[in-house]
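Asks:
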DNA sequence: CTGGATTTCGTAAACGTTTTTGTTGATCAG
DNA sequence: CTGATCAACAAAAACGTTTACGAAATCCAG
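Residue numbers (our numbering), protein chains in the order written: chain C, 841 to 1186; chain Y, 841 to 1186.
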């Protein structure tokens, strides 16, 4: 409970001067500033967040909204933890804190977001898993809350976003598998109206078309983007008539890939031997046998880009990041493995 | 930006009365209270968090600390998301919010916690993955911050905690495997000094001793508690001389189990056929083939118990939860599967 | 020297809310 | 009818900080 008042009293200074010294304001003698800094350190003084944000009208906190409960979204895994880490290295430069705002499964996500915003929990927000049409975007824009989306959406208010290059993954994946003789290529799509599903399918369709291959809706496998989903797809494939089955598959979710490998082994279609797999790289996928042919990107760098793009839209920080409104597709690098062998002849 | 002042002005009331009406204080006419509630609703008024917590000296927020970065702890997964959900159902009854405080991999966890506490981010904290000796416990106790630990520790200040029954899992697991003829039983232990490692090993040792079986340190396999770790253990087992290899294994981490299954298949020791596995149940483990013999508990109920035990130590809420200082080991229920077959004869 | 600029600091207002204390009628017991 | 109790509200203080403003001291140019 050491407040700024005690600190000032102990130093024979006014609280105003102490505050300015702590905040690096110009009109304070450098010598006294050192005195203040030192005293604050030894007394363990840290400014009270409530008082500070009440006065400043800003909290110094950026929120990342995520839903709790039995996960069907695949959020909360190592993917986001790595992205967060990148975000935080940028935020640390500005004394900004990142917290995860946990929306209970019992509360409506839109209502939760409104509550969070109105209460002034955070100065800015990061949203992810954007839907085809996403109300959160409308709302945040209308309330003039700085935010950035990880993922595109048809709901477009000219807001900043970053997204993975799903088009590139579909195109490159199809190209590789076709070159190896595959004619029936399956892909994954989410069950809900997450935007990436639409993007991914459309790019997949276009890639097939360009190569004169038919687009077969039965080769689109919908599932939750987690281990269970990947496992179930493998079994669904095995349940198809042999001549209808795909011989290769493209997916993008890391957790899913683990389950898919598991499932393929179970149904007697071992990856890299009887079935070709291309997915996204991840620390968790690294140990897979055979080695996964995959698309790699640095999640930490993604987080850094995300943070910088967000700060570029916040008046108080924009000067340091003259990026304008960032709307960018992040490319991935192909890593050749052994999971996408040529199609079995005969 | 609709403040309580505008609301009061619009209603021809003083801000004090409006505040009391909103907060359910007694000395306000029921009719005017309705008027206030209605107006607040239509105007979309939500109390400003900064002003409120400045005045009240409390934030209405409970923080769960977790570390970001490439995860080696296995946190951030579906385990915690499910626990969170239970916590939140209790918190919702008291207008308490749960947020995840994300400690960057570049910041010292202890320093981060001190900063969080001093700044007044949260009224109380939940910590997990407790270490054998855990400085966080000392610190929180010395600062008189209400908190609860998910996990025991040798650092004991009489604080509340909940923990899974690792002793029970070790004892039951060993008993089952021994009954099926297994003589060499391996177990998992974490690489760091997480407390559960000590507890688990000790219980395992005791269970063997009671059955006259030798305790062999080579049967303790240390790894990170994630898919990769489980995978690596399977390969480590296969690399042992055949007569030194365990024929069965007990582990408790859900992610790890997935990697372990994968690895066992890879090394030609398919679970349930040539190698016995017992682990903890989880949504992710449900699809495993063969069906996992496992220990089940409701993570949601665990979260509820956690929240109630925490509130019992917070003066403002203790009256509703006369539990005293909760220090409890949560039992798990055995679910019989097909992964722990009898040891192969010959 | 002198007047204005500059440096350094103190004073006080302000942020939005909750809560304590007062104040006004109305009600009630005697 | 009178004094006390009570219900319902208003007024104002308080939470801890930042910042606009002003004041004193110092400096410098002329």
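All C-beta atoms in this analysis are idealised placements derived from N, C-alpha and C, irrespective of residue type, glycine included. The model shown is predicted, which means the values in this text are computed figures rather than measured ones.
Our contact map puts residue 969 of chain C next to residue 908 of chain C with C-beta atoms below 8 Å; I'd like the distance itself, whole angstroms only.
Replies: Contact doesn't hold; Cβ gap of about 14 Å is too wide.
Asks: For the candidate residues C:871, C:867, C:870 and C:877, whose alpha-carbon lies nearest to that of residue 847 of chain C?
Replies: It is C:877.
Asks: When Cβ atoms are compared, which residues of the region 1104-1125 of chain C fall closer than 7 Å to chain Y?
Replies: So the close ones are 1105, 1106, 1123 and 1124.
Asks: Measure the CB-CB distance between residue 1141 of chain C and residue 1175 of chain C and report whether it falls below 9 Å.
Replies: It is not a contact, given that the beta carbons lie outside the stated cut-off.
Asks: Need the endpoints of the alpha helix (DSSP H) that residue 1026 of chain C sits in, please.
Replies: Note, residue 1026 of chain C: premise wrong, no alpha helix (DSSP H); beta strand (DSSP E) at 1025-1030.
Asks: By DSSP's criteria, residue 1120 of chain C is part of a beta bridge. Which residues make up the other side?
Replies: The partner list for residue 1120 of chain C (beta bridge, DSSP) reads C:1135.
Asks: What are the partner residues of residue 968 of chain Y, as DSSP defines its beta bridges?
Replies: Per DSSP, Y:990.
Asks: Residue 940 of chain C bridges to which residues according to DSSP?
Replies: C:904 and Y:940.
Asks: Inspect the beta-carbon positions of residue 1096 of chain Y and residue 1063 of chain Y and report whether they are closer than 9 Å.
Replies: Yes, the Cβ-Cβ distance between residue 1096 of chain Y and residue 1063 of chain Y is below 9 Å.
Asks: At the 9 Å Cβ level, is residue 1057 of chain Y part of the contact set with chain C, yes or no?
Replies: No, residue 1057 of chain Y lies away from the interface with chain C (no Cβ there is under 9 Å from its Cβ).
Asks: Beta-carbon of residue 888 of chain C versus every beta-carbon of chain Y: anything under 9 Å?
Replies: Cβ-Cβ to chain Y under 9 Å: yes for residue 888 of chain C.
Asks: Output the residue ranges of the alpha helix (DSSP H) runs that lie fully inside the region 1059-1099 of chain C and measure 4 residues or longer, sorted by chain position.
Replies: Listed in chain order, they are 1067-1078.
Asks: Of all the residues that make up the region 925-958 of chain Y, which are near chain C by a beta-carbon distance shorter than 7 Å?
Replies: Under the 7 Å Cβ criterion, the region 925-958 of chain Y contributes 925, 928, 929, 932, 938, 939, 940, 941, 942, 944, 945, 946, 955 and 958.
Asks: Just verifying my parser: in three-state terms, what is the DSSP assignment at residue 1167 of chain Y?
Replies: Reduced to three states, the DSSP call for residue 1167 of chain Y is strand.
Asks: On the criterion of 16 or more Cβ atoms from any shown chain inside 10 Å, does residue 883 of chain C qualify as buried, or is it exposed?
Replies: Exposed, since its Cβ has fewer than 16 Cβ neighbours within 10 Å.
Asks: Could you have a look at residue 913 of chain C and say whether DSSP puts it in helix, strand or coil?
Replies: Bear in mind that the predicted position of residue 913 of chain C carries a pLDDT of just 49, short of 50, making it too unreliable to give a figure here.
Asks: So residue 899 of chain C packs on residue 962 of chain C, CB below 8 Å; how close in whole Å?
Replies: Correct: roughly 6 Å between the Cβ atoms.
Asks: Within 9 Å of any Cβ in chain Y, is that where the Cβ of residue 1187 of chain C sits?
Replies: In the structure displayed, chain C extends from 841 to 1186; residue 1187 of chain C sits before or after that span and is not available.
Asks: Going along chain Y in order, which residues have a C-beta closer than 7 Å to the C-beta of residue 894 of chain C?
Replies: Chain Y residues near residue 894 of chain C: 890, 891 and 894.
Asks: Pull up the CB-CB distance for residue 1021 of chain Y and residue 1067 of chain Y, whole angstroms please, since I reckon it's below 8 Å.
Replies: Going by Cβ atoms, the distance from residue 1021 of chain Y to residue 1067 of chain Y rounds to 29 Å, so no, they are not a contact pair.
Asks: Using CA coordinates, which residue listed in C:1172, C:864 and C:875 is at the minimum distance from residue 849 of chain C?
Replies: Comparing Cα positions, the closest option is C:875.
Asks: Give me the residue from C:1005, C:939, C:890 and C:990 with the minimum Cα distance to residue 896 of chain Y.
Replies: Checking every option, the nearest Cα to that of residue 896 of chain Y belongs to C:890.
Asks: Answer yes or no: does any C-beta atom of chain Y fall closer than 9 Å to that of residue 1129 of chain C?
Replies: So yes, residue 1129 of chain C belongs to the interface.
Asks: From the DSSP output, in three-state form, read off residue 1174 of chain Y for me.
Replies: Strand, per DSSP.
Asks: Using 10 angstroms around the beta-carbon of residue 892 of chain C, count the other beta-carbons present and answer buried if the total reaches 16, otherwise exposed.
Replies: Buried is the call here.
Asks: Between the C-alpha atoms of residue 959 of chain Y and residue 1112 of chain C, what's the straight-line distance to the nearest angstrom?
Replies: So the two alpha carbons sit approximately 53 Å from each other.
Asks: Buried or exposed for residue 971 of chain C, please, with buried defined as at least 16 other CB atoms from any protein chain shown within 10 angstroms of its CB.
Replies: Answer is buried; the Cβ neighbour count reaches 16.
Asks: Got a sec? Which residues, its chain only, sit under 6 Å from residue 994 of chain C by beta carbon, not counting five neighbours each side?
Replies: Result list for residue 994 of chain C: 972 and 973, in chain order.
Asks: Does residue 907 of chain C get closer than 9 Å to chain Y when you measure Cβ to Cβ?
Replies: Output row for residue 907 of chain C: interface = yes.
Asks: According to DSSP, residue 831 of chain C sits in a beta bridge with which residue or residues?
Replies: Because residue 831 of chain C is not part of the residues shown, which for chain C are 841 to 1186, the question remains open.
Asks: Using a Cβ-Cβ distance under 9 Å, would residue 1068 of chain Y count as near chain C?
Replies: Closer than 9 Å: yes.
Asks: Per DSSP, what kind of secondary structure is residue 882 of chain C in: helix, strand or coil?
Replies: Looking at residue 882 of chain C - three-state DSSP - the assignment turns out to be helix.
Asks: For the alpha helix (DSSP H) containing residue 979 of chain C, name the first residue and the last one.
Replies: Here the alpha helix (DSSP H) through residue 979 of chain C covers 975-982.
Asks: What residue range is occupied by the uninterrupted alpha helix (DSSP H) comprising residue 1050 of chain Y?
Replies: Note, residue 1050 of chain Y: alpha helix (DSSP H), 1035-1050.
Asks: DSSP on residue 1115 of chain Y, reduced to helix/strand/coil?
Replies: Strand at residue 1115 of chain Y.
Asks: Less than 9 Å between CB atoms is the rule here; does residue 922 of chain Y satisfy it with respect to chain C?
Replies: True, the Cβ-Cβ gap to chain C drops below 9 Å.
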